[in-house]
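Read the structure below first, then the notes.
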Amino acid sequence: MDATTAPHRIPPEMPQYGEDYHTFEMMQNMLEQLLIHQPEDPISFMITHLRRNNDNVPKVVILGPPASGKTTIAMWLCKHLNSNLITKESLLEREFSRLSVEAKSYYQVYKKIPNSILVSLVQERLNEADCLRKGWILDGIPERREQALMIQTLGLAPKHVIVLNAPDTVLIERNVGKRIDPVTGEIYHTTFDWPPEPEIQNRLIQPEGISEIETAKKLLEYHRHIIRILPSYPKILKTISSDQPCVDVFYQALTYVQSGHRCNAPFTPKVLLCGPLGSGKKLQATLLAQKYGLVNISCGQLLKEAVAAKSSFGELIQPFFEKRMTVPDSIITKVLADRMEQQDCIQKGWVLHGFPRDLDQARMLNSMGYNPNRKLSHLCSSSLCGLGIINSPLMKACMKKWSWTPQQSSAAGREETQETSVWTSISSFLRGIK
1 MDATTAPHRI PPEMPQYGED YHTFEMMQNM LEQLLIHQPE DPISFMITHL
51 RRNNDNVPKV VILGPPASGK TTIAMWLCKH LNSNLITKES LLEREFSRLS
101 VEAKSYYQVY KKIPNSILVS LVQERLNEAD CLRKGWILDG IPERREQALM
151 IQTLGLAPKH VIVLNAPDTV LIERNVGKRI DPVTGEIYHT TFDWPPEPEI
201 QNRLIQPEGI SEIETAKKLL EYHRHIIRIL PSYPKILKTI SSDQPCVDVF
251 YQALTYVQSG HRCNAPFTPK VLLCGPLGSG KKLQATLLAQ KYGLVNISCG
301 QLLKEAVAAK SSFGELIQPF FEKRMTVPDS IITKVLADRM EQQDCIQKGW
351 VLHGFPRDLD QARMLNSMGY NPNRKLSHLC SSSLCGLGII NSPLMKACMK
401 KWSWTPQQSS AAGREETQET SVWTSISSFL RGIK
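The sequence shown maps to residues 1 to 434 in full-length UniProt numbering.
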């Protein structure tokens, strides 16, 4: 809707429904598929697409120079994500495929596969039922920019592209010691990753083309082509250094693959700031509200305003304030609900801090339907939080007026400003978020 034409009053349930069921992303994906495939019967095509329910399956491309570990990382990702690993070797070994036979015969003569045949093999494999259902991970494909553009033209666009990098000297050293298990396809190394089982050691074989000269030639060819491939994936590309333990590389790759890209879907920001006493969440909430035009909701301030206004909620809260007791969650949630249902919160969004403080309060907030779509934990060490309280301008002014220091006890009964109370509040918060 155009907000400039009229002051539309959209029910809060409408945008919430769109966010919960990802309607914007669903419509965007269907439109993309329609434009790519251009079916004669769009309705039937969309019904089939929705029944597949495969918009969120992995679609990953892993690139990297020889001996960068891309095949190992691809195999681990496939096992973890229950997806399909696709390599050039697996495409050549496919049974009952005319393209595979043609590509294999061509490769035996010229030691390479034409771009058109390789891309057709990829298209044939990715359109099979298991790839449509569980997704795919392309290992080392595309090899050239022409292949990347041809694959994109067919509508086979990856969601994540990972490029592994390492110094050439490291890669040459790795490649010389590479060994392959012909039974499982696992890759080992004579220095860095030697299997402990004698049975596996005895059946390992040395692959062809891993000498220093041959590896250097492959690296030169890779560097020549990769700089032309990368511009084809400007917003979905992540570079990871493979000159580190393989487990670290895998977890970085897995974290990236499991992360979603920023969506263009319109949404109302609902930000929750968590942090112990003195962590600065009040200041950060104020800055967020000013920068993005959000409504700043402080739980403690809401309760004080209700008491000051002598409202119906204020009359319920006043006795607890007078007795210096904690206000019950049932009253707090009603005050919060009354504020969040106002039109400015619905239209602009909000940033909430001071609530929830424990798991029960968090579940209560979710049950009310106020689920935050951005959660920020503003954590710091308890000593820093304590210093933030003790050294705050307000605290310094109080200490100067009352001649009190953190090392002194307060004879006037101001226990809430003492250091011990600060540590108690921080410890209580940390217990609540565990």
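For every residue, glycine included, the Cβ atom is placed at its ideal position computed from N, Cα and C.
Just so it is clear, the structure is predicted and the values come from calculations on it, not from any experiment.
Inter-residue distance for Leu63 and Lys348 is about 42 Å (C-alpha atoms, whole angstroms). DSSP, read as helix, strand or coil, puts Trp76 in helix. In the DSSP annotation of this structure, Lys178 is not part of any alpha helix (DSSP H); the continuous beta strand (DSSP E) holding it starts and ends at Lys178 to Ile180. Per DSSP, Lys104 is not a residue of any beta strand (DSSP E); the alpha helix (DSSP H) it occupies stretches across Arg98 to Tyr110. Counting of Cβ neighbours within 10 angstroms places Val249 among the buried residues, the total reaching 16 or more. Counting C-beta pairs with one atom in each stretch, the stretch 45-61 and the stretch 92-108 have fewer than three that are closer than 8 Å, which means they do not touch. Burial state of Ile73 is buried, judged by a 10 Å Cβ sphere holding 16 or more other Cβ atoms. Residue environment analysis places Glu143 among the buried positions, since at least 16 neighbouring C-beta atoms fall within 10 angstroms of its C-beta.
In the three-state reduction of the DSSP assignment, Leu272 falls in the strand class, which pools E and B.
The three-state reading of DSSP puts Ser68 in coil, since its state is none of H, G, I, E or B.
For Val161, the three-state secondary structure derived from DSSP is strand. One thing to note: Cys345 has its Cβ within 7 Å of the Cβ of Val295. Proximity of the stretch 265-281 to the stretch 176-195 falls short of the contact definition, fewer than three beta-carbon pairs being nearer than 8 Å. Here the alpha carbon of Arg374 sits roughly 47 Å from the alpha carbon of Val183. In this structure, the CA atom of Ile229 is about 33 Å from the CA atom of Thr48. Counting along the chain, Tyr188 sits inside no alpha helix (DSSP H); it lies in the beta strand (DSSP E) bounded by residues Ile187 to His189. With respect to the C-alpha of Arg339, the residue from Thr190, Gly280 and Phe313 having the closest C-alpha is Phe313. By DSSP's assignment, Trp350 forms a beta bridge with Lys270 and Val295. Remark: three or more beta-carbon pairs, one from each stretch, lie closer than 8 Å, so the stretch 218-237 and the stretch 154-161 are flagged as touching.
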